[in-house]
Every structure is written in structure tokens, then in C-alpha cells.
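Just below is one structure, and these are the notes that go with it.
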Amino acid sequence: MGCPKQFSLAGGMGAALLSKPEKAKEIVEACVASSTIPISCKIRVLDKREDTLEFVKMLERCGISAIGIHGRRRDERQGDANRVDEIREIARAVSLPIIANGSSNTVKEYADIAKFREQSGASSVMLARRALTSPSIFRPEGLATNEEEICDFLKLACKYDENFTATKYVVQRMLGSKQESDPRGRQTVMAASVLDICKAWSVSDIYEYYKSVRRRAQKRSFQCDEQMDVQFIDLTFPSKRLRDRHGSVTPKCVLNALCDESEIKRPVYECKYRKTDKRFEATIEVGGKKFSSRIGQPNKKMAEQVAALVALVGLNKRERLPGEWEE
């Protein structure tokens with residue numbers, strides 16, 4: 002209940018619930034009643050201290066286990082001062098744990114985290130912007146360099162196959178103004194794939210290593226239906242991939258080109274409509290083998306493209322298709 006963004010306020014969500022305590026109470030009580038794990042809430046301070054305290058005590062009576070408090074009001078942003086004294090006043094007045102939030106501007110090093118907790122009187126501290134721009138803020142031995150932070154993140158992004166959009170967003174947040182002043186920052190801004198970003202930061206070898214690991218795992222994950230003589234691997238990709246690519250680099254086109262080079266018959270597709278979930282599933286036959294993914298698609302076009310991708314993996318020719326496709 003702390004998000005002050007317009008889309009949240011317009012939808013009656015986030016900080017909009019601060020002005021609707023009965024609605025907030027109804028939601029929180031329902032969560033507490035139906036959950037088998039502890040429920041916590043996060044709010045912003047209200048315009049009047051007494052209103053904030055009343056709201057927090059209402060949440061406490063609902064049975065929540067902890068509450069995060071951001072020390073700015075609904076109409077205030079990161080340039081405004083964090084009202085640490087108001088957080089402290091609330092922490093003293095209630096018995097449930099208070100999680101202090103809103104001091105990313107003043108937390109510059111690890112020791113500042115403890116200072117913020119002490120100043121706010123809270124049981125713990127929540128960091129968002131500072132943790133995103135400087136993830137090594139949690140290192141007692143001190144901050145890592147910007148380059149170390151970015152390279153460490155990219156190694157994890159490669160290991161856990163993070164998507165391009167999220168990877169680029171995080172690296173750009175870490176870079177800040179260096180997006181323009183550092184040549185690697187400018188390369189990151191221009192990047193169109195995770196590999197492009199890794200090349201900019203000289204960790205493309207890590208990308209290629211985990212890519213090969215996933216390819217081997219894909220091969221091992223094939224399941225064979227002996228009765229149907231079909232090899233299944235349940236993968237898919239967003240339809241946006243097709244829109245972002247030119248027609249010659251889709252899974253179907255790449256597979257057709259491969260067949261032409263090998264002088265074998267082009268693939269034959271069999272598509273079926275699943276009434277259970279109103280989705281499509283395609284089976285592809287190529288080179289005497291059949292492949293399919295059981296992840297349903299919204300239309301025949303997508304089902305056939307996914308089946309072609311499965312076939313490329315099954316034929317050990319996935320490298321012929323450039324870019325990141327799988328989800």
C-alpha cells in the first residue's frame with residue numbers, strides 16, 4: 002500500500018488504499034485468514050502523524066506479522082526528505098516489528114544501514130533503490146567497484162538465464178550517468194541481447210559457457226512417447242520474438258534452410274486445437290523424426306514456430322538460429 006504511481010492510484014491500488022482504511026482492512030484480514038504463512042504490509046506515512054499511527058494500529062489488529070513504513074507521503078518522491086522521526090514514533094507505539102524504508106539517498110555504505118535502523122527505532126531496514134544501483138551495499142568489507150558489480154551480476158544473469166529486458170534494465174540502473182560517459186555504458190544502451198551486454202563487459206565467455214550447459218540440459222530433457230513416436234521438450238517463446246525478427250531468421254525458416262542444405266524433405270506440421278484450454282499444439286516431422294512441445298500456443302502460427310524450435314534442439318542444430326528465443 003505504498004506505491005504512489007499514477008497507475009496504482011487510478012486503479013485504487015497502492016497508496017490509494019491509505020485513504021480507504023476499511024477497504025485496506027478487508028483485504029488484509031482476508032489475506033491473514035487464508036494464508037498459512039505470516040503476512041506483512043508496507044505503507045507510506047500519511048499527511049498527519051496521528052492518522053499514520055491509527056492506520057498502523059488498525060493493521061496490527063488485523064493480525065499481520067510486520068509492517069514496512071516508507072517515510073514519505075503519497076505525493077512526495079525521492080528528492081524529498083525521509084521522515085525518519087515519524088517512523089521512530091510509530092515503532093515506539095506498536096508491538097509488531099517495523100521495517101524502515103525510504104533512506105536510499107543517505108545509505109552510502111554498509112555501516113549506514115545500521116545507523117538508519119538505529120535512528121528509526123525499527124527492527125530492520127528495507128532498501129530498494131540503493132540495493133539496485135549498488136548491490137554491494139550489503140558487503141561489510143565495503144563497496145565493490147561499479148565494474149565488479151556489473152560483471153558479477155552478468156555472471157549470475159547468464160547462469161540463471163535472465164531475460165534480456167530485465168538484464169539490460171538492471172545494468173543500466175547500476176551504470177547511472179556512466180551510460181553516456183563510459184564506452185561500455187554506451188554499448189550497453191545500444192545492446193540488443195544479453196550477449197551484446199556481456200561482450201561490452203568482456204564476460205561473453207561466461208555467456209557461452211552457460212548457453213552450452215543449457216543446450217545439453219535441453220537434450221537430456223526430451224521425453225519420448227513410444228506409442229506416438231514423438232519426442233517432447235516443453236519449451237516456448239514469446240510471440241514478440243517473431244515480431245522483432247525478420248522473416249528469414251524464424252525457427253521455421255532456419256529449419257527449412259537446413260533441410261534444403263541437407264537435401265532432405267522440408268518439415269511437415271500437424272496442428273491440433275485443445276478444447277480444454279483453447280490452445281494449439283503442433284507436431285513436426287523432419288528427417289524421419291517427430292518433435293513437439295506440450296506448451297499450448299494462442300494460434301497455429303506460434304504452435305508451428307515453437308515445434309520448429311523444438312526440432313532444431315532435437316536435431317542438435319539450435320546454434321543455426323541466432324538470438325535468444327527460449328523461455
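Letter by letter, the sequence shown follows residues 2 to 328 in this note's numbering.
All C-beta atoms, glycine included, are put in the ideal place defined by N, C-alpha and C.
Burial of R242 is indicated by the presence of at least 16 other C-beta atoms within 10 angstroms of its C-beta.
At a Cβ-Cβ threshold of 8 Å, S66 and I100 do not count as neighbours.
If the five residues before and after Y270 are omitted, its C-beta is found closer than 6 Å to the C-beta atoms of A283, I285 and E305, all from its own chain and listed in chain order. Contact annotation: the stretch 126–145 does not touch the stretch 24–38, with fewer than three C-beta pairs closer than 8 Å.
Looking at the DSSP output, I68 sits in a beta bridge with C42 and I99.
For V190, the enclosing alpha helix (DSSP H) starts and ends at P184 to M191. Beta-bridge annotation (DSSP): A283 is paired with C272.
Within the DSSP secondary-structure output, F292 pairs in a beta bridge with Q232 and I285. For M127, the enclosing beta strand (DSSP E) has its first and last residue at S125 to M127. Counting along the chain, the unbroken alpha helix (DSSP H) around D86 starts and ends at V85 to A94. Following the DSSP letters along the chain, one finds M303 inside the alpha helix (DSSP H) bounded by residues K301 to G315. The three-state secondary structure of Q7, taken from DSSP, is helix. If the five residues before and after Q120 are omitted, its C-beta is found closer than 8 Å to the C-beta atoms of V85 and R89, all from its own chain and listed in chain order.
R62: member of the alpha helix (DSSP H) spanning R50 to R62, first to last residue.
Sequence-distant partners of S293 (beyond 5 residues in either direction) whose C-beta falls short of 8 Å from its own C-beta, in its chain, are V231, Q232, F233, E282, A283, T284, I285, A308 and V311. Residue pairing of Q224 in beta bridges, as defined by DSSP: F233.
Restricting attention to D206, Q79 and L256, the CA atom closest to the CA of N317 is found in L256. Bridge partners of Q298 according to DSSP: F281.
Annotation: R62 to I68 spans about 12 Å, alpha carbon to alpha carbon. Looking from the CA of T277, the closest CA among Q298, Y161 and E23 belongs to Q298. With a beta-carbon spacing of about 7 Å, S135 and E150 fall inside the 8 Å limit used to define contacts. For the stretch 123–180, the full-length beta strand (DSSP E) segments reaching 3 residues or more read 125–127 along the chain. Taking the Cα positions, G324 is about 11 Å away from K212.
Here C42 really is in contact with L60; their C-beta atoms are around 5 Å apart, less than 8 Å. The Cβ-Cβ distance between L155 and W202 falls below 8 Å. In this structure V287 is in contact with C260, their Cβ atoms being roughly 7 Å apart against a cut-off of 8 Å. With contacts defined as CB atoms closer than 8 Å, V46 and G72 qualify as a contacting pair. In this structure I198 is not in contact with V214, their Cβ atoms being roughly 19 Å apart against a cut-off of 8 Å.
Remark: C-beta atoms of C4 and G12 do not approach each other more closely than 8 Å.
In this structure, DSSP gives A25 a helical state, which the three-state scheme calls helix. Between E87 and R50, the gap from beta carbon to beta carbon is short of 8 Å.
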